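Under numbering that gives the first Met the number 0, think of the first position of the sequence shown as 0, with each following residue one higher.
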Amino acid sequence: MLVFRATLSPAPCAMDKAFRLCGLIIVLAALLWPASLLAQQARPHSILVLDQSDRRGPFYYQVFTGLRAAVSAHSHAPTTVYTESLDLNRFGGAAYQEGLRQFLEAKYRDRPIGVVVAIGAAALELVLRWHSQLWPDAPVVFALVEERDFIRLRPPAAYVTGGIVQQKLDDAIKAARAVVPNLSTVAIVGAEWERQVLFRNWKEQIAAGVDGMHVVELIGRPMSEVLERVAALPRDSAIIYSGMYSDGSGNYYPPSDALAFIAEKANRPIVVPAETFLEPGGIGGYVLVPSLIGADAARRALRILDGEQLDAVPVSIVDVVKPVFNWRQMRRWNVSESSLPAGSEIRFREPTFFERYRWRAAALGAALLIQAALIAFLLHERHMRRHAEVESRDRMSELAHINRQATAGELSSSIAHELNQPLGSILTNAESAELILASKNPDLDEVKEIISDIKRDDLRASEVIRRMRSLLKRAPFETKEIDLNQIMRDAFDFLSLQASARNVAFYLQTSPEVLRVKGDPVQLQQVILNLVVNSMDAMARMPYGRTVIGRTEVNGSASAVISISDSGPGIPQDKLNEIFDPFFTTKEQGMGIGLSIARTIVLAHNGQIWAENQPGGGAAFHLSLPLVAQSTQRYFHRVEGS
Ligand code: ADP
0 MLVFRATLSP
10 APCAMDKAFR
20 LCGLIIVLAA
30 LLWPASLLAQ
40 QARPHSILVL
50 DQSDRRGPFY
60 YQVFTGLRAA
70 VSAHSHAPTT
80 VYTESLDLNR
90 FGGAAYQEGL
100 RQFLEAKYRD
110 RPIGVVVAIG
120 AAALELVLRW
130 HSQLWPDAPV
140 VFALVEERDF
150 IRLRPPAAYV
160 TGGIVQQKLD
170 DAIKAARAVV
180 PNLSTVAIVG
190 AEWERQVLFR
200 NWKEQIAAGV
210 DGMHVVELIG
220 RPMSEVLERV
230 AALPRDSAII
240 YSGMYSDGSG
250 NYYPPSDALA
260 FIAEKANRPI
270 VVPAETFLEP
280 GGIGGYVLVP
290 SLIGADAARR
300 ALRILDGEQL
310 DAVPVSIVDV
320 VKPVFNWRQM
330 RRWNVSESSL
340 PAGSEIRFRE
350 PTFFERYRWR
360 AAALGAALLI
370 QAALIAFLLH
380 ERHMRRHAEV
390 ESRDRMSELA
400 HINRQATAGE
410 LSSSIAHELN
420 QPLGSILTNA
430 ESAELILASK
440 NPDLDEVKEI
450 ISDIKRDDLR
460 ASEVIRRMRS
470 LLKRAPFETK
480 EIDLNQIMRD
490 AFDFLSLQAS
500 ARNVAFYLQT
510 SPEVLRVKGD
520 PVQLQQVILN
530 LVVNSMDAMA
540 RMPYGRTVIG
550 RTEVNGSASA
560 VISISDSGPG
570 IPQDKLNEIF
580 DPFFTTKEQG
590 MGIGLSIART
600 IVLAHNGQIW
610 AENQPGGGAA
620 FHLSLPLVAQ
630 STQRYFHRVE
640 GS
């Protein structure tokens, strides 16, 4: 190809003088043309990568990974990649280099190489030296070479191309300013300048002074000293790390390991020049991305293998530096994302709880929302139900009141009679007293006796009026602890006069226990009155044997049962349930609401009411009401104590 390029350079073909020379050139070109074409056509699809490191460090490993990935992606022409790590950072000298040369010569004697890739300036230097001897036909592609090395080595453009890498101190300072506001000092930590691969150019810049910045140069210092110094840096300072390879006393380590030691002790953030220095403790900066370096070299090599001329793939500065920062270190040094240079990439960002558990959090949120909606709905429903209950109780109270008024109407004649009796005797007694007092020698003891009779009759009349009043009282539904036995006694007393007027015998058998229930006394009394009046009504046509028996008893320990039974005709078997329906009546003047109200009242007291026919004849109504547990215990206690 070289020859071909030389021969095609403009030839001075003067018609007269140079005809012969032109002819000679044409003949030579004709002879050489097929050979050069053959060399190009026959260029083997293989790349030999010579890497100046030992490739165990993460940076060179990433360079190679990037190269490998780019070659694999180039699927239309399978290409073999050979790699050799020359380990030139640790080994050098003529003997070692000669040994390497012989090794490579022997190893690749029968392996034709299409392109040689040299990674690093030290590798490029050797490749240039060995080229004519080992791979005279193979173009060379270099990578990871800085501008100063490129100028120093002056690789011949005829068979060498590659990417020049620039890593500027200015960028490192810019990154340091981003992570440390009011930056006034930078500590530059690294191996001796001569051993530095890419940062040798910083030396002069630092010597010339960095704009308004105090620079602490920790270059080529032993590790122990570096650790001490980085732990005691002033507040407004940052560390710029360029890579250390030894501890200064004979021990070598990969620069990322050295960085980890330094990061542990450093009291300020460490700006780093390479992507692979982020993980060991660098806060970030404008970092070299090694995989991009490898990929650029691979792309150049593949274009050459695909037949492109070398001058179509010229040497250029490659864009392999990106602003990348380490989230963990940002948090450690309290650096906000907004202070980073525009377009910065942030690595190792720990996802927030919501990012990490997005779906689960969304599901949980949805479940909570549904649950909240359900609870709100249930609360609303409960409120509505309560409202409806209160409404229905009010209605029931009103109905009950009407029913009581009707009962009072029914009882009015006997009540009038009941009132007449004490009022009559009061009048008689008063007249008698007048007569005694009008006599000459009034018997005052007798007058006293008469007055006490008047008082008793008055009390009796008052009691009748009180009962009547309580029956006619229009009161809202309200519960309190009451004794069912007392309620039964009151109801039977109330109706006793009517019973005798209607020729009905009353029997009341109350349980010896106090039957404490929670309820509305007026309404419960109304239930009993209804049942007893119904019994008396049912027996109205019977000539004799009219009996009503009231009974209270404890059922187990949880409820009390009241029974009202009569000796009447009973209830037709098929009407046993119907009688509790509103407006069911068999009476001429009946309203048919007495039992329906009784059932509503009992249900409102969490009780039950039912009717049956007795085997010996007559109807029996039972209602059970829950006892207040405490009162039962109180009763038993009393019995034990008595
Ligand atoms: P009313 O008394 O206005 O008829 P109730 O609801 O109090 O309304 O009674 C409904 C019906 O139940 C009565 O008409 C009657 O047929 C029947 N009934 C109620 N109590 C008895 C009873 N002790 N014996 C026979 N039938 C009864």
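Just so you know, even glycine gets a beta-carbon here, dropped at the ideal spot from N, CA and C.
The structure displayed is predicted, hence computed values, not measured ones.
Three-state secondary structure (DSSP) of residue i
i, result
"residue 136", "coil"
"residue 322", "strand"
"residue 587", "coil"
"residue 181", "coil"
"residue 352", "helix"
"residue 358", "helix"
"residue 402", "helix"
"residue 421", "helix"
"residue 625", "strand"
"residue 454", "helix"
"residue 539", "coil"
"residue 517", "strand"
"residue 117", "strand"
"residue 479", "strand"
"residue 231", "coil"
"residue 550", "strand"
"residue 240", "strand"
"residue 256", "helix"
"residue 84", "strand"
"residue 427", "helix"
Straight-line gap, residue i to residue j (C-alpha atoms, nearest Å)
i, j, result
"residue 466", "residue 525", "12 Å"
"residue 243", "residue 260", "11 Å"
"residue 297", "residue 78", "11 Å"
"residue 126", "residue 290", "22 Å"
"residue 685", "residue 256", "There is simply no residue 685 to check, as the chain begins at 0 and stops at 641 in what is shown."
"residue 539", "residue 421", "28 Å"
"residue 160", "residue 76", "21 Å"
"residue 55", "residue 231", "32 Å"
"residue 368", "residue 619", "55 Å"
"residue 64", "residue 51", "15 Å"
"residue 504", "residue 443", "41 Å"
"residue 175", "residue 272", "11 Å"
"residue 624", "residue 468", "26 Å"
"residue 99", "residue 115", "15 Å"
"residue 376", "residue 499", "58 Å"
"residue 482", "residue 514", "5 Å"
With 16 other Cβ atoms within 10 Å as the buried cut-off, status of residue i
i, result
"residue 201", "buried"
"residue 358", "exposed"
"residue 61", "buried"
"residue 195", "buried"
"residue 534", "buried"
"residue 238", "buried"
"residue 642", "Limits of the chain in this structure are 0 at one end and 641 at the other, which puts residue 642 out of reach."
"residue 383", "exposed"
"residue 154", "buried"
"residue 240", "buried"
"residue 417", "buried"
"residue 141", "buried"
"residue 379", "exposed"
"residue 604", "buried"
"residue 130", "buried"
"residue 9", "The pLDDT assigned to residue 9 is 36, lower than 50, so where the model puts this residue is not dependable; a value taken from the coordinates is nonetheless given after this. Its Cβ having fewer than 16 others within 10 Å, residue 9 is exposed."
"residue 606", "buried"
"residue 512", "buried"
"residue 158", "buried"
Sequence-distant residues of its chain with Cβ nearer than 8 Å to residue i (five each side left out)
i, result
"residue 44", "76, 77, 78, 79, 113, 304"
"residue 163", "144, 145, 146, 149, 314, 315, 316, 317"
"residue 583", "574, 577, 591, 594, 595"
"residue 87", "51, 52, 119, 121, 122, 125"
Other residues of its chain near residue i: CB distance less than 7 Å, five sequence neighbours each side excluded
i, result
"residue 104", "133"
"residue 414", "463, 467"
"residue 510", "484, 551, 552, 553"
"residue 557", "625, 626"
Beta-carbon proximity list for residue i, same chain, < 6 Å, skipping 5 on both sides
i, result
"residue 39", "The predicted position of residue 39 is uncertain, since its pLDDT is 47 and thus under 50; no value can be drawn from it."
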